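Here is the structure we will look at, set down as structure tokens.
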Amino acid sequence: MSGISALAGDLVARLPPLQLDLRVLAFAVALATATGLAFGLAPAVLLSRQTLSEALKESAPGLSSRSGRLRSSLVVAEVALSVMLLAGAGLLLRSLNALYRVDPGFRAEHVLTGNVALPAVRYDTPQKQLAFFREALDRAKALPGVTAAGMASSVPFEDRAWGKYVWAEGNEPQRLEDVRGCSFQLVTGDYFAALGIVPLRGRLLDDPAQPEVVINEAGAKALFGDADPIGRRISINPPERLVPPDRGGPAYPRYTVTGVVRDVHVHALDKPLGLEIWMRVEQLADQAGGYMDFVLRFDGDAAPLGRSLGALVTSLDPTLALSDVKTMDERLGGAVSRARFSAFLLSLFAGLALVLAMLGVYAVMAYSVAQRTREIGVRLALGASAFDVLRLIFGQGSRLVVTGLAIGIASTLAGSKVLAALLFGVSGTDPATYAAAAVVLAVVAAVALYLPARRASRLHPAIALRAE
Numbered sequence: 003m004s005g006i007s008a009l010a011g012d013l014v015a016r017l018p019p020l021q022l023d024l025r026v027l028a029f030a031v032a033l034a035t036a037t038g039l040a041f042g043l044a045p046a047v048l049l050s051r052q053t054l055s056e057a058l059k060e061s062a063p064g065l066s067s068r069s070g071r072l073r074s075s076l077v078v079a080e081v082a083l084s085v086m087l088l089a090g091a092g093l094l095l096r097s098l099n100a101l102y103r104v105d106p107g108f109r110a111e112h113v114l115t116g117n118v119a120l121p122a123v124r125y126d127t128p129q130k131q132l133a134f135f136r137e138a139l140d141r142a143k144a145l146p147g148v149t150a151a152g153m154a155s156s157v158p159f160e161d162r163a164w165g166k167y168v169w170a171e172g173n174e175p176q177r178l179e180d181v182r183g184c185s186f187q188l189v190t191g192d193y194f195a196a197l198g199i200v201p202l203r204g205r206l207l208d209d210p211a212q213p214e215v216v217i218n219e220a221g222a223k224a225l226f227g228d229a230d231p232i233g234r235r236i237s238i239n240p241p242e243r244l245v246p247p248d249r250g251g252p253a254y255p256r257y258t259v260t261g262v263v264r265d266v267h268v269h270a271l272d273k274p275l276g277l278e279i280w281m282r283v284e285q286l287a288d289q290a291g292g293y294m295d296f297v298l299r300f301d302g303d304a305a306p307l308g309r310s311l312g313a314l315v316t317s318l319d320p321t322l323a324l325s326d327v328k329t330m331d332e333r334l335g336g337a338v339s340r341a342r343f344s345a346f347l348l349s350l351f352a353g354l355a356l357v358l359a360m361l362g363v364y365a366v367m368a369y370s371v372a373q374r375t376r377e378i379g380v381r382l383a384l385g386a387s388a389f390d391v392l393r394l395i396f397g398q399g400s401r402l403v404v405t406g407l408a409i410g411i412a413s414t415l416a417g418s419k420v421l422a423a424l425l426f427g428v429s430g431t432d433p434a435t436y437a438a439a440a441v442v443l444a445v446v447a448a449v450a451l452y453l454p455a456r457r458a459s460r461l462h463p464a465i466a467l468r469a470e
């Protein structure tokens with residue numbers, strides 16, 4: 003199964019390991035066998051029960067007989083399924099394109115990250131943890147190629163940012179439901195410089211001894227509206243009067259907002275931006291838990307830097323190892339990997355369905371032309387032109403295609419609410435995508451119709467009239 007990842011290449015950047023499930027394989031084999039037997043035996047059973055008069059009716063040319071109607075129904079179903087898959091694939095591709103256009107709020111290129119987890123047995127106090135992180139960061143800054151180095155309790159798309167409650171001084175909430183939630187990160191060193199994050203207003207975190215925070219634009223708007231947030235103070239956790247004594251958190255000091263930065267996508271590119279807060283790790287060292295990520299901006303190749311960083315950590319403590327070493331570009335690619343893989347799979351199925359629909363339309367119309375050869379010969383002998391025959395066959399097939407298109411588009415629209423859960427930046431009823439899917443299928447069907455129709459229009463009346 004690992005071959006799937008190899009075939010898809012970078013499209014499955016974060017696809018989990020695939021293993022063959024024997025139960026699923028057995029079910030698939032049983033289903034395929036049952037389907038083959040059902041569709042193979044059904045015609046034989048029907049023929050065995052058919053009377054002579056019914057058989058003579060079935061031998062009538064065209065698509066009006068029972069078998070002809072069955073073939074027509076299958077073509078309609080193929081076309082409907084194809085347009086559903088094409089429209090779904092088109093919507094997912096547009097959604098993926100919208101994800102690629104999202105600004106993450108930082109510069110991802112030439113940034114290396116890696117996690118260090120300190121065991122609580124040896125690093126049992128915040129002071130010991132901070133001492134290790136300071137030493138590690140100082141040495142990381144001296145590594146060849148490093149231009150900026152910082153650390154954080156989590157990095158974007160790692161989904162380890164803490165959740166806290168926050169409210170602005172002077173705007174104390176009256177109910178617990180009014181307290182806003184926020185994404186909360188502890189940082190140190192040149193974290194912002196390493197990610198290329200610059201202040202839009204105010205300044206960044208300069209003094210680790212001061213209770214200061216940096217917030218994002220969305221947070222500034224949510225907490226202070228249009229007022230200037232610089233110098234204003236915020237409080238972490240709800241007011242004590244709103245929280246039962248047995249559920250209250252630690253009493254934090256008031257923190258002064260020193261700067262506002264761009265909105266940074268911390269969790270995912272397709273999630274709404276919320277309130278984000280950054281604070282120096284020295285302010286809440288007891289909550290870091292011994293988990294911190296290196297964030298290094300570098301020049302050159304990431305691989306040797308990753309090895310050097312791992313060796314650095316081991317040199318400080320031989321029992322430790324650097325984990326989850328990735329460039330920020332890799333993390334950014336992983337943030338869209340699920341959408342990318344879904345679009346890839348659905349596009350693959352849509353392409354296969356399109357080919358099957360084309361073959362189905364061609365086969366049914368070619369069979370119809372073969373069955374109606376004498377009829378076509380009579381029409382030609384009575385003065386019908388080649389264009390008349392072409393129009394006859396083309397019109398007959400077009401009705402099947404149009405019916406399938408209508409059913410497919412209606413079915414996709416009916417399920418658009420389910421599909422909308424997988425989309426970002428595009429509506430599940432996007433008319434341009436549906437129109438494009440219909441046009442693609444119509445063009446392919448037109449090619450499939452044209453071949454048997456052209457052959458019918460070029461029949462010689464004398465030869466056609468002698469056909470059995």
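Anchor point for the sequence shown: position 399 equals 401 in my numbering, and the numbering is continuous, going up by one each time.
We put the CB at the ideal spot given by N, CA and C, even for glycine.
Remember, it's a predicted structure, so these values are computed and weren't measured experimentally.
- Within the same chain, and ignoring the five residues on either side of S413 in sequence, the residues whose Cβ sits closer than 7 Å to its Cβ are A82, M86.
- CA-to-CA, the gap between L350 and S74 works out to about 25 Å.
- Looking at L425, L402, A422, V441, the one whose alpha-carbon comes closest to that of L72 is L402.
- Residue pairing for Q187: DSSP places it in a beta bridge opposite W280.
- Per DSSP, E214 is one residue of the beta strand (DSSP E) stretching across 214 to 218.
- 9 Å or more divides the Cβ of I279 from the Cβ of V338.
- Between the stretch 361 to 368 and the stretch 391 to 402, the count of Cβ pairs shorter than 8 Å is three or higher; the stretches touch.
- Between D265 and N218, the C-beta gap is smaller than 9 Å, which places the two residues in contact.
- A straight line joining the alpha-carbon of G353 with that of L76 spans about 18 Å.
- The alpha helix (DSSP H) runs lying completely inside the stretch 82 to 152 and spanning 4 residues or more are 128 to 143, given in chain order.
- Residue pairing by DSSP places I236 opposite A170, Y257 in a beta bridge.
- Check the Cα spacing between L453 and each of E160, A133, R393, D228: the tightest is with R393.
- Around the Cβ of L307, a 10 Å sphere holds 16 or more other Cβ atoms; the residue is buried.
- Excluding its 5 nearest sequence neighbours in each direction, V148 has C-beta neighbours in its own chain below 6 Å: L298, F300, listed in chain order.
- Judged by their CB atoms, D326 and E160 are nearer to each other than the 9 Å cut-off.
- V297 has T115, G152 as its beta-bridge partners, per DSSP.
- Shown here for V449: same chain residues with a beta carbon closer than 8 Å to its own, the five before and five after excluded, namely M360 in chain order.
- Between L277 and R203 the beta-carbon gap is near 16 Å, outside 8 Å, which marks them as no contact.
- Per DSSP, the continuous alpha helix (DSSP H) segment holding T414 begins and ends at 388 to 416.
- By the C-beta criterion, the stretch 171 to 179 is judged not to be in contact with the stretch 309 to 320, since fewer than 3 inter-stretch pairs fall below 8 Å.
- About 17 Å separates the Cβ atoms of M294 and A195, ruling out a contact at the 8 Å cut-off.
- For L93, the closest alpha carbon among the candidates R124, R460, G221, A423 is that of A423.
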